[in-house]
Every structure is written in structure tokens, then in C-alpha cells.
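Q: Before I ask anything, here is the structure I am working with.
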Amino acid sequence: MRPFAALAFAIKENTIYFMERRWPHVRIFNFHPQLRGYLPHKNFELFPLLPSSGSYEGVITCIDGQLYCPGYSTLDKQKLHRISRKSLSKCPGQSTLDDQQLERISRKSLSKYPGQSTLDDQQLERIGRKSLFPDVFNLLHRFQRTQSFPVRAFRMRIIVGECTLMAFKNKKIGFRIKVNEQKKTCALLTTFKRFTTLNDSNIRDYILTTSISDQVCTVNAAKNVTGFISGQCTTDRWDCELLEKMRDYCMFVGSDKPDCISSTGVSMEDVECPKGQNRVAVKKEVVLCCPEGEILTEQRNGKALCCPEKKVLKEVLNDTAICCAPTDNYEQGTGLCCPPRLVPSKSSSGSIGCCPSGRIYVNTQNGVDHCCPNGEEFGKREGGIDYCCPEGKIFQEVKNGQSICCSNGLTLKGYHNGIPQCCFADSNYDSASGNCCGKVASLDEWSLAATAKNKIGFRVTIKSKEKKEMTCAFLRQFSRFENRSDPNDYDFILDTKADDNVSCSIRFSHLGSHYDGTFGEEVTVSTAGECTLVAFNNKKIGFRIKVNEEKKTCALLMGFKRFTTLNDSNIRDYILTTSSTDQVCTTRNVTEFISGRCTLDGWDCELLEKMRDYCVFVGSDKPDCISSKAVSMDDIECPKGQHRVAVKKVALLCCPEGETLAEERNGKALCCPEKKVLKEVLNDTAICCAPTDNYEQGTGLCCPPRLVPSKSSSGSIGCCPSGRIYVNTQNGVDHCCPNGEEFGKREGGIDYCCPEGKIFQEVKNGKAICCGRGVARIPASKLTAYFFSNSTVIETTSALMCDVSVYMKFHGVSVSCRIRFSHLGSHYDGTFGEEVGVSRVGECTLMAFKNKKIGFRIKVNEQKKTCALLTTFKRFTTLNDSNIRDYILTTSISDQVCTVNAAKNVTGFISGQCTTDRWDCELLEKMRDYCMFVGSDKPDCISSTGVSMEDVECPKGQNRVAVKKEVVLCCPEGEILTEQRNGKALCCPEKKVLKEVLNDTAICCDPTDNYEQGTGRCCPSRLVLSKSSSGSIGCCPKGKEFAKRVREVDYCCPSNKKLKGIFNGKSICCNPNDNYKTGTSFCCPTGKQYSSGNGLEHCCPSGLVPSKSISGSIGCCPSGRTYVKTQNGVDHCCPNTENFVKREGGIDYCCPNGETFRGKRGGAAICCPNGNIYKEHYNGNKICCPTTDNYKAATGRCCGSGRFYNKNNGVEACCPPNKYAAKAPNGYTDCCKGQNDNLYTFKPEDTTYMICCKPGTMFTFDGKVAECVKNSE
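Each position in the sequence shown, counted from 1, maps to that position plus 4 in my numbering.
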């Protein structure tokens, strides 16, 4: 009895137990004592597993009368080829039988079902239920009686059994259990959108796990959805489409979230691809999609780069994948795939197409790229070949595989002695002479004809001026030039410097005025026409002819100043006209002569533009452009830093550089910077704003978006948020407050303000703290009083009134503050504020302190005292008026400065620290500098030479860094003083140090720089000073020598190398004899040169191009071969996909994959499939046979082991010994025993069989039986 396997199961406490029987032995897996005597659930019957060769694939179970089998769909007819009742009894439970079991049909086994060749499903089920169930039942009892079989763990877990089996039966991956008043309901999951948070304890959702790991179901295991569904899905047991959606969703939400719940409420709709695309990958918060029919080749920046199948990614351009066939030629940056034998090529316009090597792309027509040799234009495509013509010629036709081209304006009329003849379209062609005959209307036509016939000159005879009829004769032989005898004959000579196929008319005219300008060298000419050609060839717009004793000279106009009145009949000035109209020759109007467009390749456009502007300025009503006021070009030039934007009659409009003309008003140019627009003209000044600025007429102020112009109470204007009033501007910032409030402080970009009558103190919690004027806010002790009310008590404590004491109540506490001041032994030279009447000096002191002024003046006149505060300071002068006394508020905290006998030393008075909240520190600093400059030995700071503050100021762009007696030291802005030498400041930028002083110049370097005395060059820490062979100095890495400096960059090379060029900002250092290609980084040794191709660059010998191997290395190969490797300095190359074998005689021998080198023949490798050996070449074909085959020379046939070549009656075949080749009527060949046997074929079903019949017999086949029978004769 043939061995087979059967597997049964039983359910106990939600666990399935499996049992296996291998005939005739029986084993049980996970056998449990509780299973003994246990009968299956009433709704489930036991069925064995499908027959197999020892591998487990699934379980067949019958649920409610239906057969289900994981791993198979159901027992259907399509899988039941043939069924034998006899074989079924041996192999119960099989869904299909293998080919060997089902090869033959036994009608005897179907005797219970007469006339049937197969059994239907119902019959099969009856056989299965009847024959298989008792077998399994007996197997269970057999387990009870036997204790000697080995045990092996093999089980599947089921949660909530009934609903689980229902889900499994319907191939659903998930289900839901609802519990309501002790009632449970089961619902299967049909569609999936997302996972959400548990919110109902009566509803539990379950999943059938595809994982085969027991770890996912352990008690302590986390409920990890991704783990549950990590196993392989098979469509016959799961809803794989829905399962795949769950997997993708969990991947998108993040594998770090075991419950797959998204915090943002992502659903499956967010993981879907647009219509027409497929999802190819899912990562956390990233979905990669490809169009249908394409596959993912790479992911970049979260974007899928896809290519059609059988294509590969070449490059990514503008975030687009460029995909080509593997054999295509591609050049980086082009985005164009070219088939083999073609390469990307760029046209003169910059467009790209595919061309053969050596040709240039021209255009694409009807989807076909057209290519021509460099400098030629496409004419026609014929027979897959592009025919082209040189530039300036027109394609006519293809003749003998060649392009026939004619000069522009001519057409092909015929051939003379095999040479194409090109004529004007309306001319008559004489085929016998090859000449074109007919009238012409212009000289241009004849110059074209002369060019086409390679003639240097021609004569035109005017027959009728009215009809413009002319005849032409070409110059055939030249002897000399002579005077013209016939006024109707005109001789012309072509300009041999011009292109062979170009001719033009040069229009010129003499002027009714003279040029005032500069001219070039005078050259002798015979006619004005000669001078015209000289001017045209030199791209000059004007020239001068001088006639002296029958001698004519020509001089070209080089510079132009103005036009002047004719004053010498021997001098005539001419102009080359740019106008194309014939009317300009009727009047000598200079403006009309130069009205045409100027082309850079034909004229001196700059000088022409000057003439045009001059004529416009003088007035277009003056045809000779002569100004009555002798205006010259100097009067039409703009001031330095401006450029001319327009010229009108007696009006020149100029704009500053970087600005454009916005409007002209009253002959004045109104200009605006680029990207700004004119808003208004105020006081003849253009007000220009950005287009988005807010502007109010009459203000002259442009406010950025969100701000509007606002006027302060004093009438000044600034930019404020809507609803706020402008107050003032400090440090370039406009300060704004609500109406009726005063500005206090700006902090964090916010203006903090206080109501009128209150004083700002500080910012607290984003709000301004303000106090009334009656009570002072004193933040700290030692801080002198800020403000004083009328109730303030003031006392004087010394005869000199040095101190003023202030007493006040501050939160119920008496506070005493002092303001220290002193009168001076000199006078201020400066400006003072308004004079105010006071009763005593103390009042003026408080007034100065309150207004943060450092000095004040008291005038006494008839017992009346006035006080004026010092606002600006120029110098100190000698006392000269006893009624005027000047005072200073002292910053010194020393009591010595106020003693009765103390000297009035100004420097001592102001020696203390200045704080901006109580002093005018800027003016105080000026006083200190002035006293320092005059000399600290002069306590009253009075200069004997009358020095003022203007003498202590620095030039514009510099800052004062130190002041000494009669010495002021200044440094440029951004620099600091490092040293003083000979009364001169030596300054360095911040963070740099002084290294040396060369030629009175400070040499400043970074602290870490390397510096060599006497050089003046600072080298960064990693570089050292190096001298080139020419003696110049630069900074180089250690071990390298300086070569040259370009645009403030030093370029260096090793001592044994030479700088050949600079590429991408880097030095290209080569051996002295190397070949270097400008614009590359390649130094090529002797015998090699720079080469590019296939998108690669390399140094290659002449005739070879770069090629890249599979590993990515680069070598040099002949065109069409691929680089493989380098051995002993030689690059080896093979055809694409072939492997290198050996090099011999300068030839690389290669073999394709899967083939072995077997020799060489005629310079080519002989390769045979692996395991084959080379026999010979037969009829030009290589013959390779397996090593075990038999081969007969000159036959071309390899015969397998045990067979030999046989030729019988003209038929060839490989036959066993003692058999002969034979051929059937339908052409099949085989071997027969008899030398004269006849071969026949027959095909009962899908297989063809052969039979040999001896002579004298005939072949018969009735559709079932084939046989050889004797002839009836």
C-alpha cells in the first residue's frame, strides 16, 4: 500500500489539536489526556489533510456541511482531472490526484456511476463522508489504546471560537463581538478605514493572526497589530486585499504605535494613491505611488521616482525621473534617451535631439530628429538619411545620394556637364550652354548670380531707366582699370572678404553740412564708392572726401561732436544710411538717413546713437542738424553718476545710475529706483515708493504695509500703525503713541507711552508704569532727583553755590538729593536755549538737570537774572563780561572739586561717569575731548590758538578713538586703535591684530594667521607664505609652491607640478609635460589626451573614448565596447554584457555570460555554453557540444550520449547503434530498426507519438489505436 499522510483535529477549550497518520504508523501532536474519549463538536466533522510528500500545508475541515481547506480553495471539478474510485479509497480526502495517479481511467471503478468519466461534487462528498469519517474516528480510538507513539507540539490558537471559525470560513481577517444583556453577536469586518481608540467596553474587535510565532499570543505580549498580521497571506484563506490595507495603514501611522491609532485621525483615504497610480511603498507618514505599469526605482526627499518596466533610472531633473532603456545612450543634464548608435546633441538654439556621432541636431519633424554636419542646415530626409546644405544655401533635391544646394534667392534649373546650374526663378535656362538669361530689376540679383558662378566682377548696362531694365555681362578676363566711356555702363566688383554667397547694397549720401569731430588716417581713393566700402568694412557710419589737385583722399569718422555749416567746397562729408526707403535720397535729411535700425555687426552703433541724440536735441525741423547756438555733444552728456534716458529738442533728460525715467515734467526728468513707482512730485522732487507702500498725498513719506503716514503735534511726519499718532524719531525708528500720550520707551519692538502729565518709569508685565510729576519715583539711593514740583525746597550750602539740596516726601519718607554744579573761570563758546527769568542760581541748576543739560549761563542785568541752557559746544574762551557767568553740572563724586579754595578745573568737574538718563553725554564727551586736545595742564581749557571742536573732529567715515594734547587719533568705521606711532593712529579691524607697519601702513591679521616680516601678506593658520618662480608671494599649504593669484585667491601646486589651469575654483596641477584640456580638471600623461563620451570624462589614447565598468570604474575603449578592468596598465574592453577572458596580440577576447572561452579564430573569441566544448565551424557557424555528446566532423550535429550521427536515404538524425535515420511524411525525423523502415506519427490527444512500419506494411490509426498492418494486397 502506497504511503500517504492524513491529518485530523479536535477542538477543546479553544485549542485545535492535530493528529497525523503516516501509513502504517500513527503519531499525535500536542496530545492531551483530556482528549481521550472526546468527540468533536456537533457542528464540526473531522477530515484528513490533503496527501503530501511530508510537508504540512493546511487542514480540511467540514463546517456545517461545507468543505474548507486552507491552502486550497475547495474540492472543485477544475482541480479534479480524473477520479478513480479505487484510488480514492486508498487516498481518502484528496482534493486532487497527481498526474501519475490520474493518468489512466478505470471504467471499472466507476461501475456505481455508469457512463461517467468523472464524479461530481455531490458524489465525491458522499464518498468522502462515508469513507473518511470512520477512518478518522478509528484513529482517535487507536490513540486511546496506544501509548508508545512520539509526541510533537503543533497547534493553532482560536479566540472566541464560533465567530473565529465563521471569519475563517468566509476568509475575513477581522470580526467584532458585541455583548448586550448576556447576548453575544458576531459581525465580520468587510471594509477597513482606520483604527480608533477603545470607547465601549461592550464592543471588542478581534483579528485573525497570520503570524506563526507563539509570542504574539502570550499573556504578557503587547497587542501589536503589526505583529499579528506579519505572516504571509494566501488568498485561499484570507482577505489579502483588506489585510494589505491594514499593514499599509499601520506602516503609515508608524511602527512605533502598536495599536496603530493615529493622533491626527488619518484614514485609509490618506494612504490611497491618485487614480491611475499604484501604491508601491508606505513609510511613516509617507506614501509612495507609481503610475500603472511603472515600478519604484528610488525614493528621494519622500518622493517616489518611478520608471516603466524594463527601463532604468538615469537621472533626476527638476524632480522628474528620467528613465531609459538599458541600451540607450544618455548624457547627464539633457533628459533625453537616445537609442544605440545615436547620442544626445544640442542645436544652435539650445534644443536637444538624438544624432549619429559627428552630426549636430537641427530640428524635429513628425517625431523624427534631423541632424546635419556642423555649420549646415537641414534640407530633406530620404531613405532614412538627412540631406543638408551649407549655411546660406537652399536645398533643391537629392542627386546620386548627394544634396543639391543653391545660393539663397536662386533655384535649380538643370545640370550642365553634370554640374548643377542655379538661376533666378524668372530667368530662362539654356541647357546647351548652361547659362541663365533674362532681365533683372536690381544689382543685388546680379551680384548673387555672379557669386553663384564664382565670378569676381560684372558689368550692368542700363537699357531703360523708366522700366528699370538692365542686362549683365560677367567679367571673364581682367587686364587693367580704365575710365568709363559709356554713361549707361556700370562695372562692379564683389567684396572677396565677404562670404562666397553673400551680396548687399551699401546706401550712402553726402551731407549738406560738415562733421565736427575726429577722423582716421587719410587714404587715397579714386571714387566715393571706394571710401564707402572702406567705411562699411570698418563698421564706420561716416567719412570725409578731400579733393586736392585732382587727388582724392578718404578719412573715416572716428569721433563725433556736432554738425557745422559747409565752409570748404573741396571737402565733402558722407554718411552711410541705415534707412531702407528710397525717399531718403531726395533730400539731405540727416535724421532720415540714420532712421533705420542699427545692428552691432554692421555699424558703429554707439557713434550712430550720438548723432541721433544730437539731431533730436538740435531739432528735427533742421534737416542738416546744424545748431544756431553751436551746441556740441558735451551739452548732451549727463553729469557723472547719471545716464541719459531721453533727448528732446533743447531738452536732455538724465537719471541717476540704477534709476529709470518715471515721468517728464517741465523739461525735467523724474526718476525712480528700479522696482519703485512715482507717487507724487513735491518741490520738483520725485517721491518714489515700493508698489505695496502706503502713501498720503502731500506727505512725501512712504510707509511700509501695515503702517500709515501720521503727523505729530509739532507738524513732523512719521509712519505709525493705524490709530496711533507720530511722536518723534530716534536712531532711525519712528515712535508712535495713542492720541494725547507721550512716548516713554521702546522695548521688544513696542512703543510704551504715558498719558500727558505723567512720566514714564519702567515696563512691567508688558505695560508702561507712569507716575505724576508731583511725586518723584526714586529707584535707588544715591540717585539724584529726576523731577521737581513747585513745593520743592532748595538750599544753598556754600558761597560758591556748588551744591543744591532737595528735600521731598517719597512715600512718606524724607529723601535728600544733591545736584553738584560749579561756575567756570571761562566762558562757553556755543549756542544756548531761550533765556528764562530766575531768582537764584539754584533754579537754573534744577532747570538744567531736569532737561539733562550739562551747562548753563546766568546773566545779571539791573538786578534781573536770566537762565539759558547750553545746547551746543564749540570751545572755552576767556572771561570778558562780569555780568555773565557760565556754570557746569559736575559728574565728579569727589567733594574736593567744590571746596572753597579748589581750582576751577573743568576736567576735574566732568571726570565722573556719564549716564544718559541724567546727562547730555554726547556734549559732555565733546568737552572732555576738547580739554584733552587743549591740554590737561590748562584747568580752564582755554586754547591760546583758538582751537575749536571742528579741529577735534575726524574725517567722514572715521571715528575718533583717542585724543591727546594737540593730537586727534581717528580710525575707519569698524576698526579699532592698535598702536600710535609718530602721532598717527594704526588701526585694525575688530578681531584682528597688528603684525607690522610697512610704508606707514598697518598690516593686520587674524591672531592665528601665519605672517613673515616684510611681506605684508597674512596667511591663514593652515597655510604658509610661499614664493613663485617669478618672485611673487602667496599663501599655500605646506609643501606647495605659490603659482599665481586670481581675483584675490591664491593658487598653489606641489613643487614638482605646474599650474595648468583653474577649474571650479581649484588649482589644476600637472606634470610639466602633461596634456591639459582647458576648462576641465584632467591632466593627461604623454600619449593620452582628454576625451569625453557616454556622459564620462577621462584621459584616453587617441581614438578611444571613456567607458564605465559594472563596478563603476572608468577606462578607455573603442566605441561600442565597454570597459571591464585594467591589468598591467592596459584597459580591457568587451562588448556589452560579455566577460573578459584574455588579451593576445593587442586584441581583447571576451565571452558572454554563461559561456566559456574555447579558443580564437580570425581575431575573434570562440565561446561555448558552459559544459560544452568547441568542435569546429560548419557552414560558417560555430559548433559546440556537451562534453558527453558524440560528434562527427563536417555534420554540424551534436548527438547525445548513446547516440551517433546517422545518414540514411538522405535523412540525417542522431540514432542509437543499429538504428537508422528516417523521416515521416510530415517532416518529423526519428530512428527505426530497419534501414528501409517507414516512419509515421500520430496524436491521440495532446501528445505526438511515432511508429516505424516495415516495408510491406501500412500504418493505420482509428483515433485510439495506432498499428502497422500488412497490405491487403
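Cβ coordinates follow ideal geometry from the N, Cα and C atoms, glycine included.
(1) Within 10 angstroms of the Cβ of Lys868, are there 16 or more other Cβ atoms? Answer buried if so, exposed if not.
(2) Let me know the secondary structure DSSP gives Ile1114 once reduced to three states.
(3) Do Met1254 and Tyr1232 count as a contact pair if the criterion is CB distance below 8 angstroms?
(4) Can you give me the C-alpha to C-alpha distance between Met851 and Lys857, rounded to a whole angstrom?
(5) For the ligand FMN, any of its heavy atoms closer than 7 angstroms to the Cβ of Val1269?
(6) From the DSSP output, in three-state form, read off Asn687 for me.
(7) Excluding the 5 residues preceding and the 5 following Asn1143 in the sequence, name in chain order all residues of the same chain whose CB lies nearer than 8 angstroms to its CB.
(8) When burial is assigned at 16 or more other CB atoms within 10 Å of the CB, is Lys318 buried or exposed?
(9) Consult DSSP for Lys1258 and reduce its assignment to one of helix, strand or coil.
(10) Would you list the residues sitting across from Ala191 in a DSSP beta bridge?
(11) Please report how far the alpha carbon of Gly1267 lies from the alpha carbon of Ala1228, in whole angstroms.
(12) Among residues of its own chain, excluding the 5 on either side of Arg149, which ones have a beta-carbon nearer than 6 angstroms to its beta-carbon?
(13) Is DSSP giving Ala1228 helix, strand or coil here?
(14) Taking the beta strand (DSSP E) that Leu580 belongs to, which residues open and close that run?
(15) How long is the line joining the alpha carbons of Gln481 and Glu534, rounded to whole angstroms?
(16) What three-state label does DSSP hand Asp738 in the structure shown?
(17) Are the CB atoms of Val938 and Cys958 nearer to each other than 8 angstroms?
(18) By alpha-carbon positions, which one of Ile1114, Thr1084, Ser1115 and Ala1169 ends up nearest to Cys1103?
(19) Starting from the Cα of Thr338, find the closest Cα among Ala329, Ser355, Ser1123 and Glu273 and give me that residue.
(20) Buried or exposed for Val864, going by 16 or more other Cβ atoms inside 10 Å?
(21) Any idea if Asn769 is buried or exposed, counting beta-carbon neighbours within 10 angstroms, 16 or more meaning buried?
(22) Curious, which full-length beta strand (DSSP E) runs of at least 3 residues does the stretch 597 to 666 contain?
(23) For Val910, which of helix, strand or coil comes out of DSSP?
(24) Once you ignore the five residues that flank Arg889 on each side, which residues in its own chain have a CB closer than 7 angstroms to its CB?
(25) Between the Cα of Thr195 and the Cα atoms of Pro677, Glu273 and Ala1169, which residue gives the shortest distance?
(26) Flag this pair as yes or no: are the beta carbons of Cys1235 and Ala1226 separated by less than 8 angstroms?
(27) With which residues is Lys863 paired in a DSSP beta bridge?
(28) State yes or no: is the C-beta of Phe1046 within less than 8 angstroms of the C-beta of Asp1054?
(29) Would you identify the three-state DSSP class for Phe1046, choosing helix, strand or coil?
(30) Under a Cβ-count criterion, where at least 16 other Cβ atoms within 10 Å of its own Cβ denotes burial, should Ile754 be classed as buried or exposed?
(31) Going by C-alpha to C-alpha distance, which of Leu300, His1181 and Glu1159 sits closest to Arg1165?
(32) Determine the contact status of Cys1172 and Thr1191, defining contact as a CB-CB distance below 8 angstroms.
(33) Just tell me which of Ala329, Arg198 and Cys311 has its CA closest to the CA of Glu276.
(34) At 3 residues or longer, and completely inside the stretch 968 to 1012: list those beta strand (DSSP E) runs for me, N to C.
(35) Provide the residue span of the alpha helix (DSSP H) that contains Ala532, from first to last.
(36) Leaving aside the five residues before and after Gly306 along the sequence, list all residues of the same chain whose C-beta is less than 6 angstroms from its C-beta, in chain order.
A: According to the structure data:
(1) An exposed status is given to Lys868, since fewer than 16 other beta-carbon atoms sit within 10 Å of its beta-carbon.
(2) Coil.
(3) Yes; because the gap between Cβ atoms is below 8 angstroms, this pair is in contact.
(4) The alpha-carbon separation between Met851 and Lys857 amounts to approximately 8 angstroms.
(5) Among the components of this structure there are no ligands whatsoever, and the ligand FMN is therefore not found.
(6) For Asn687, the secondary structure class from DSSP, reduced to helix, strand or coil, is coil.
(7) A distance below 8 angstroms between beta-carbons, with the five flanking residues on each side excluded, links Asn1143 to the following residues of its chain, in chain order: Val1128, Cys1154, Cys1155, Pro1156 and Asn1157.
(8) Note on Lys318: 16 or more other CB atoms within 10 angstroms of its CB, so buried under the neighbour-count rule.
(9) It is coil, neither helix nor strand.
(10) Paired residues: Arg180.
(11) About 18 angstroms.
(12) Residue confidence for Arg149 is low, a pLDDT of 26 falling below 50, so the modelled location carries little weight; the figure read from the coordinates is stated next. The beta carbon of Arg149 sits closer than 6 angstroms to none of the beta carbons in its chain outside the five residues before and after it.
(13) Reduced to three states, the DSSP call for Ala1228 is coil.
(14) It spans Ile575 to Leu580 - the beta strand (DSSP E) in which Leu580 sits, taken as one unbroken run.
(15) Low per-residue confidence applies at Gln481: pLDDT is 48, beneath 50, and the placement is therefore not dependable, though the value from the model is reported in the following sentence. Roughly 22 angstroms separates the two Cα atoms.
(16) Judged by DSSP in its simplified three-state form, Asp738 adopts strand.
(17) Contact flag unset, no.
(18) Considering only alpha carbons, the answer is Thr1084.
(19) Selection Ala329, Ser355, Ser1123 and Glu273 evaluated against Thr338 yields Ser355 as nearest (Cα-Cα).
(20) Exposed: under 16 other Cβ atoms inside 10 Å.
(21) The residue is exposed, with fewer than 16 neighbouring Cβ atoms inside 10 Å.
(22) Fully enclosed beta strand (DSSP E) runs of 3 or longer: 646 to 652 and 655 to 660.
(23) Here Val910 sits in helix by DSSP.
(24) These residues qualify, in order along the chain: His827 and Ile862.
(25) Proximity to Thr195 across Pro677, Glu273 and Ala1169 peaks at Glu273, based on C-alpha coordinates.
(26) Contact annotation: Cys1235 and Ala1226 have beta-carbon atoms nearer than 8 angstroms.
(27) Its beta-bridge partners are Thr870 and Ile888.
(28) Going by C-beta atoms, Phe1046 is nearer than 8 angstroms to Asp1054.
(29) Of the three classes helix, strand and coil, the one that applies to Phe1046 here is strand, per DSSP.
(30) Counting Cβ neighbours within 10 Å, Ile754 comes out exposed, since fewer than 16 surround it.
(31) For Arg1165, the nearest C-alpha among the options comes from His1181.
(32) The beta carbons of Cys1172 and Thr1191 sit no closer together than 8 angstroms.
(33) Nearest option by C-alpha distance: Arg198.
(34) Taking only runs of at least 3 residues, the beta strand (DSSP E) segments lying wholly in the stretch 968 to 1012 are 971 to 976, 979 to 985, 988 to 993, 997 to 1002 and 1005 to 1009.
(35) Annotation for Ala532: the continuous alpha helix (DSSP H) segment containing it runs Ala532 to Asn541.
(36) Cβ contact annotation for Gly306 (same chain, cutoff 6 angstroms, sequence separation greater than five): Val290, in chain order.
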